[in-house]
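**Student:** Residue numbers for the sequence shown follow the working numbering, so the first one is 13 and each next one is one higher.
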Amino acid sequence: VIKTSDAAIIADLMMGGNGKNPPSELDEISISAVSEAMNQMVGTAATAMSEVFKRTIMISTPEIIQMDSSKGIFSFRHQPDEDIVVIAFNLRIGDLVKSEIMLIMNLDMARREVEFLYDPEQVTEPLFTDQYRDDSADQEPNTDNLRPYSNGTPALLKPDNYD
Numbered sequence: 013v014i015k016t017s018d019a020a021i022i023a024d025l026m027m028g029g030n031g032k033n034p035p036s037e038l039d040e041i042s043i044s045a046v047s048e049a050m051n052q053m054v055g056t057a058a059t060a061m062s063e064v065f066k067r068t069i070m071i072s073t074p075e076i077i078q079m080d081s082s083k084g085i086f087s088f089r090h091q092p093d094e095d096i097v098v099i100a101f102n103l104r105i106g107d108l109v110k111s112e113i114m115l116i117m118n119l120d121m122a123r124r125e126v127e128f129l130y131d132p133e134q135v136t137e138p139l140f141t142d143q144y145r146d147d148s149a150d151q152e153p154n155t156d157n158l159r160p161y162s163n164g165t166p167a168l169l170k171p172d173n174y175d
């Protein structure tokens, strides 16, 4: 989860700009640039986690979803009764961006990671797989029971006016 204005600065930097005149709206190329930056950040985080867990961490490419600020919620595919965990990371890019990125996962995945930290012998399957992802094209995002900062994907774009 990242603010749209911060994503625009990242896109500008990824495309060779200085980040001081980012696009006012994210077009397809800008979104692709942000996706690549998010992929690199998630990859770096996975490498760090691999060192902590002493095992390979598998990741999937972050999915870019722009939120509808009129709804004031994060909408993404999940089970309506599913509990989720949010981990926030500070993001600073020089004097251009001082923000945060949120890693969001379901409670079962978070519990597996904690269990692995305490007893790595008990966890046998790889962490960070695509097993919880639903790519069915016909499924509409479910917005039932959503609360601020409680759901999304690592690359979800948060409207600037959302607190």
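Glycine is no exception: its CB is placed at the ideal position from the N, C-alpha and C atoms.
All values derive from a computational prediction rather than experimental measurement.
For I41, count neighbouring Cβ atoms within 10 angstroms of its own Cβ and tell me buried if that reaches 16, exposed if not.
**Tutor:** Indexing the sequence shown from 1 puts residue 41 at position 29. By the neighbour-count rule (16 or more Cβ atoms within 10 Å), I41 is not buried but exposed.
**Student:** Is it a yes or a no for the region 20-31 touching the region 62-79, going by three-plus beta-carbon pairs under 8 Å?
**Tutor:** The region 20-31 vs the region 62-79: no contact.
**Student:** Hey, could you find the ends of the beta strand (DSSP E) M53 is sitting in?
**Tutor:** Against the sequence shown, residue 53 aligns to sequence position 41. Segment E40 to F65 is the alpha helix (DSSP H) holding M53; no beta strand (DSSP E) there.
**Student:** Hey, how far is the Cα of T59 from the Cα of I71?
**Tutor:** The sequence position of residue 59 within the sequence shown is 47, counting from 1. The sequence position of residue 71 within the sequence shown is 59, counting from 1. Those two C-alpha atoms are separated by around 10 Å.
**Student:** Output the distance between the C-alpha atoms of R123 and E94, rounded to the nearest integer angstrom.
**Tutor:** Taking the first residue of the sequence shown as 1, we reach residue 123 at position 111. Taking the first residue of the sequence shown as 1, we reach residue 94 at position 82. Rounded to the nearest angstrom, the two C-alpha atoms are 13 Å apart.
**Student:** Going straight from the alpha carbon of L115 to that of F128, what length do you get?
**Tutor:** Taking the first residue of the sequence shown as position 1, residue 115 is located at position 103. Taking the first residue of the sequence shown as position 1, residue 128 is located at position 116. L115 and F128: Cα-Cα distance of roughly 18 Å.
**Student:** Is it the case that the Cβ atoms of I96 and L119 are separated by a distance below 8 Å?
**Tutor:** As a position in the sequence shown, residue 96 is number 84, starting the count at 1. As a position in the sequence shown, residue 119 is number 107, starting the count at 1. Yes, they are a contact pair.
**Student:** Who are V126's beta bridge partners in DSSP?
**Tutor:** Counting from one through the sequence shown, the residue named residue 126 turns up at place 114. V126 pairs with nothing; no bridge assigned.
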